[in-house]
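As given, the protein sequences belong to chains A and B, one line each in that order.
Position one of the first sequence corresponds to residue 1 (our numbering), numbered consecutively onward.
Position one of the second sequence corresponds to residue 1 (our numbering), numbered consecutively onward.
C-beta: ideal position from N, C-alpha, C; glycine also.
Note that the coordinates shown come from a computational prediction; the quantities given were computed from them, not determined experimentally.
Report on the structure given below.
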Amino acid sequence: MARIRAAVTKVERFPHSDQKQVGEQVVDGSPNTTKGHECLSSVSAPLQPLFAYASGLSRRDFLKRTGAATILLSVLGAKPSLLAAKETEPFSIHSKPDNFDVITHAIVETVQMHLFPDDGDGPSAKDLNADRYLLWALDDPGNIEDGDRDFIIQGAAWLEDLADTELKQSFLVLDWSAQAALLTRIANSRAGENWLSLLLYYLLEALTLDPIYGGNPDGVGWQWLEHQSGFPRPMVGKTYLDF
Amino acid sequence: MSNALQTNSNSQFDVCIVGSGAGAGPIAYELTKAGFSVVVLEKGNWFTEEDFVKDEQLARHRVFRSQIEDERHVLEEPTVDGKWSSDTSAQFWGGNIVGGASNFMSGYFHRLKPQDFRLVSEFGAIEGANTVDWPISYADLEPYYAKVEQIVGVSGRVVQHPHLEPRSTPDYPLPPTAEHPIAAKFDLACKSLKLHPLPMARGILSVPLNGRKSCEYSGYCGSYGCHSGAKASSRAALLNDAVATGRCKIVTQAKVYRLNTNGAGEVSSASYFDARGKSIDISARLFVVACYSIESARLLLASKGEKHPNGIGNRYDQVGKNLHCCAGGTGHGVFKLDRLAPDVASRLKIRGPFFNRALQDWYVIHDKDAFDKPVKGGTLDFVFDPPSPTAEANSLKWQRGNLLWGTPLKQRLKAHFTQSRDFKFEVFCDWLTNDECYVSLDPDEKDKWGQAVAKVRAGFHPHDLKVAQYLVDKGVEVMKAMGADEAWGNVFTSPTSNLVAGGCRFGDDPKISVLDKNCRVHDCANLYVSDGSFMPNGGSVTPTLTIYANAFRVADKMIEHLGGYRAELG
Ligand SMILES: Cc1cc2nc3c(=O)[nH]c(=O)nc-3n(C[C@H](O)[C@H](O)[C@H](O)COP(=O)(O)OP(=O)(O)OC[C@H]3O[C@@H](n4cnc5c(N)ncnc54)[C@H](O)[C@@H]3O)c2cc1C
Ligand code: SF4
Numbered sequence: 001m002a003r004i005r006a007a008v009t010k011v012e013r014f015p016h017s018d019q020k021q022v023g024e025q026v027v028d029g030s031p032n033t034t035k036g037h038e039c040l041s042s043v044s045a046p047l048q049p050l051f052a053y054a055s056g057l058s059r060r061d062f063l064k065r066t067g068a069a070t071i072l073l074s075v076l077g078a079k080p081s082l083l084a085a086k087e088t089e090p091f092s093i094h095s096k097p098d099n100f101d102v103i104t105h106a107i108v109e110t111v112q113m114h115l116f117p118d119d120g121d122g123p124s125a126k127d128l129n130a131d132r133y134l135l136w137a138l139d140d141p142g143n144i145e146d147g148d149r150d151f152i153i154q155g156a157a158w159l160e161d162l163a164d165t166e167l168k169q170s171f172l173v174l175d176w177s178a179q180a181a182l183l184t185r186i187a188n189s190r191a192g193e194n195w196l197s198l199l200l201y202y203l204l205e206a207l208t209l210d211p212i213y214g215g216n217p218d219g220v221g222w223q224w225l226e227h228q229s230g231f232p233r234p235m236v237g238k239t240y241l242d243f
Numbered sequence: 001m002s003n004a005l006q007t008n009s010n011s012q013f014d015v016c017i018v019g020s021g022a023g024a025g026p027i028a029y030e031l032t033k034a035g036f037s038v039v040v041l042e043k044g045n046w047f048t049e050e051d052f053v054k055d056e057q058l059a060r061h062r063v064f065r066s067q068i069e070d071e072r073h074v075l076e077e078p079t080v081d082g083k084w085s086s087d088t089s090a091q092f093w094g095g096n097i098v099g100g101a102s103n104f105m106s107g108y109f110h111r112l113k114p115q116d117f118r119l120v121s122e123f124g125a126i127e128g129a130n131t132v133d134w135p136i137s138y139a140d141l142e143p144y145y146a147k148v149e150q151i152v153g154v155s156g157r158v159v160q161h162p163h164l165e166p167r168s169t170p171d172y173p174l175p176p177t178a179e180h181p182i183a184a185k186f187d188l189a190c191k192s193l194k195l196h197p198l199p200m201a202r203g204i205l206s207v208p209l210n211g212r213k214s215c216e217y218s219g220y221c222g223s224y225g226c227h228s229g230a231k232a233s234s235r236a237a238l239l240n241d242a243v244a245t246g247r248c249k250i251v252t253q254a255k256v257y258r259l260n261t262n263g264a265g266e267v268s269s270a271s272y273f274d275a276r277g278k279s280i281d282i283s284a285r286l287f288v289v290a291c292y293s294i295e296s297a298r299l300l301l302a303s304k305g306e307k308h309p310n311g312i313g314n315r316y317d318q319v320g321k322n323l324h325c326c327a328g329g330t331g332h333g334v335f336k337l338d339r340l341a342p343d344v345a346s347r348l349k350i351r352g353p354f355f356n357r358a359l360q361d362w363y364v365i366h367d368k369d370a371f372d373k374p375v376k377g378g379t380l381d382f383v384f385d386p387p388s389p390t391a392e393a394n395s396l397k398w399q400r401g402n403l404l405w406g407t408p409l410k411q412r413l414k415a416h417f418t419q420s421r422d423f424k425f426e427v428f429c430d431w432l433t434n435d436e437c438y439v440s441l442d443p444d445e446k447d448k449w450g451q452a453v454a455k456v457r458a459g460f461h462p463h464d465l466k467v468a469q470y471l472v473d474k475g476v477e478v479m480k481a482m483g484a485d486e487a488w489g490n491v492f493t494s495p496t497s498n499l500v501a502g503g504c505r506f507g508d509d510p511k512i513s514v515l516d517k518n519c520r521v522h523d524c525a526n527l528y529v530s531d532g533s534f535m536p537n538g539g540s541v542t543p544t545l546t547i548y549a550n551a552f553r554v555a556d557k558m559i560e561h562l563g564g565y566r567a568e569l570g
């Protein structure tokens, strides 16, 4: 019986040599790698040389690294595997808000600024409308089904909990470096890293997707990256939700 | 989106085609022009140029492909410990709309070469491989290559080189597409290495043809649908014309799940589920299966009948066997822009025109240091990856296993997008057919219509790796000669899921083939298979030009079968 590659849209694709194993995913009792060859691709344009098969990689490693790149573009979502995180290492929190209340929203917005700060070079998360984009994207039925909305909310509550128990303060009132230190800490746990990675996933969508989706206003992200968009661009009535 | 034509279940057609991609288009085009009525059953929807905006989200959300929840494959691959992995996968759905994956192809359109039709005779048998010579020769297919180049519009320029295949036409009907400035750098490097750089033939119009516009060089080509009609998809280049004859009906959202056979073992009707899940039968005189290799084999295997207890064409357990992909690898050359003169750097940044260069100097490898006798080699295509900035940006957030964010991430993104250019090559060589690469019906997994899904076992032959590595190394040398700051490459053994063929190979001996040399099923007199399933081996190039050419050849055989051109057409 084949294992269901349940996390198919959440397969994290790593830039070849810069790969990170998110973890083993257990779907039907048997471990299953979360990194498949879902798409043949090399869109991820590695920055560092790969090692050829001959240079001593095990065949399986080799397969995983190369992903058999050819013409087909890897355009499937590259989401972190939430399943792995949720099942093996759930956030421990006392209370979990079930929606984006004001605090959750503010936490997410603040974390986004850490992820993509206003550092004098290029747009910040705020300039990208990353927070509005995230709220919009989390309403996509596919993303809801993936559990992203709940996971983002849960992670924010967890972060707040941690700040509260350890520093006796809300995350929101910590100074920038204390916030940064806490984020570095949670990144050491798989669940925490997955949470940040998922936030980044949507943030980078807000950086590079067409402005019609609400991020990248006036193509500010494209201009910074000197990226030339294709044409014709998506327009009202021809976004991916209209097909 | 066009409206699907309504067909009622009592309609009679001369020809019923299952699928509407590259294998289907030529049949519909030729048969309707010859005066026959044709119905095309396509499980996807019908989109037009207006729908193909350049939006990464369309591909990220698989808008034009089957969703894994609805339909999937079981994929088995060899593991290091000598076992087999087993996963469900959606990677083999390359395009499930009218025109199939041909809407999204990059359109590298090389011909096969005479040796590809006679691998065993030319190079000898290889242990563990099921290679056979073809029942037809290159000369039999050549007129059809020329025909496809003319009808669907192939652009290119013939350049003399040691492995140039014989041609009946002196050159391509259309001049090459516009070229990126990197091509000049490439040509110089190749000359210094005494190689023969070739402008790559593309299934892309460089000038307008038959009401289709020429390429507009959006830079978003492979993986994206074509908004100008320049890409030689089955839909834009063939089906539109077939429909215009008034003799071709395209029924969309028609998922064919069985071919029904009569007491004589011939196909009497095709059963499909419509959009609401209702089962409908369509009858015709001749039937054609062109669902993309894996699904074509699956449909034949699922079509059991009194005369075909194991599926149509499967008397000798051959259906689904000898499946193949493209073996090979890829490589990259990265140019650091800040180390180049500003004008050179700005030219390298241009997006739009194609790289469009190929090397076939090693189509046959004569190198005693590497192989003890001449072996079949392959093609190196120098190309651009389809732009997909969101996927690219997301891949950069990981560095040596750690998640990167904040200013370090921003700097990495900026450097990647603005300070370097990555040029790529792709290597294509034979994926040798073998006993561990085949399609069967999965005993457990079902699609949303309750039908058994196809199981793909994707074993490869170690010989392919040696050849691929040899060619990848050559590609890296070329990148270095071009002055790349970094150059590397790697071979792969995973199936190239967008370039699958075989599974119902043709041949004269029914015990080791499914189709006769005209691509008619050996034991089913009115059923043809016209996609890439027929190919005993794929050649060392992408297969679609050959699928087109062969389907035009099969169309001629079918017209003969039906008694020639309809008299009233003169
Ligand atoms: C991104 C990409 C890039 C590519 N680039 C190149 C390239 O540069 N050069 C090249 O030569 N090739 C390329 N290819 C491959 C090329 O697209 C295929 O070789 C070609 O389309 C195969 O034709 P086909 O008719 O077998 O299948 P398809 O074109 O896939 O058509 C099959 C059709 O049948 C339909 N179908 C399947 N089962 C059923 C059923 N049961 N009932 C009804 N309908 C059904 C499908 O929905 C589909 O529309 C590329 C493919 C992709 C995806
Ligand atoms: S680059 Fe040319 S062929 Fe490709 S999609 Fe754009 S117009 Fe069509």
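Answer yes or no: the CB of residue i versus the heavy atoms of ligand 2, is any distance below 8 Å?
i, result
"Glu295(B)", "no"
"Gly219(B)", "yes"
"Phe52(B)", "yes"
"His180(B)", "no"
"Glu392(B)", "no"
"Glu216(B)", "yes"
"Ile144(A)", "no"
"Ser102(B)", "no"
"Ile204(B)", "yes"
"Lys238(A)", "no"
"Ser234(B)", "no"
Taking the straight line between their C-alpha atoms, what separation do you get for residue i and residue j?
i, j, result
"Asp14(B)", "Ser494(B)", "40 Å"
"Pro389(B)", "Ala22(B)", "29 Å"
"Glu436(B)", "His461(B)", "9 Å"
"Ser86(B)", "Gln399(B)", "29 Å"
"Val256(B)", "Asn498(B)", "21 Å"
"Ala85(A)", "Cys190(B)", "Since pLDDT at Ala85(A) reaches only 45, below the 50 mark, its modelled position is unreliable, and no value is offered."
Using a threshold of 8 Å, is the CB atom of residue i nearer than that to any non-hydrogen atom of ligand 1?
i, result
"Asn380(B)", "Reading off the sequence, residue 380(B) comes out as Leu, not Asn. No, the Cβ of Leu380(B) stays beyond 8 Å of every heavy atom of ligand 1."
"Met535(B)", "no"
"Thr407(B)", "no"
"Tyr257(B)", "yes"
"Gly352(B)", "no"
"Gly225(B)", "no"
"Glu42(B)", "yes"
"Lys291(B)", "The amino acid at residue 291(B) is misidentified as Lys; the sequence shows Cys. Because some heavy atom of ligand 1 lies under 8 Å away, the Cβ of Cys291(B) counts as near it: yes."
Give the residues of chain B in contact with residue i, contact being defined as C-beta atoms less than 7 Å apart.
i, result
"Tyr201(A)", "Asn394"
"Glu193(A)", "Leu403"
Could you tell me whether the Cβ of residue i comes closer than 9 Å to any Cβ of chain B?
i, result
"Thr165(A)", "no"
"Glu205(A)", "yes"
"Ala187(A)", "yes"
"Tyr133(A)", "no"
"Trp222(A)", "yes"
"Gly122(A)", "yes"
"Pro217(A)", "no"
"Asp119(A)", "yes"
Determine the chain B residues that contact residue i at a beta-carbon separation under 8 Å, and present them in chain order.
i, result
"His114(A)", "Trp405, Gly406"
Which chain A residues sit within Cβ distance under 7 Å of residue i?
i, result
"Phe417(B)", "Leu225, Glu226, His227"
"Arg351(B)", "Gln228"
Closer than 9 Å, CB to CB, is residue i near chain E or not?
i, result
"Lys397(B)", "No chain E appears in this structure, whose protein chains are A and B."
Looking at the C-beta of residue i, does it have a partner C-beta in chain A at a distance below 9 Å?
i, result
"Gly219(B)", "yes"
"Thr48(B)", "no"
"Lys414(B)", "yes"
Item to complete: Using a Cβ-Cβ cut-off of less than 7 Å, give me the residues of the stretch 52 to 76 of chain B that come near chain A, in sequence order.
Response: Val53, Lys54, Asp55, Glu56, Gln57, Leu58, Ala59, Arg60, His61, Val63, Ile68, Val74
Discussion item. What are the residues in the stretch 172 to 206 of chain B lying within 7 Å of chain A by C-beta distance?
Written reply: none
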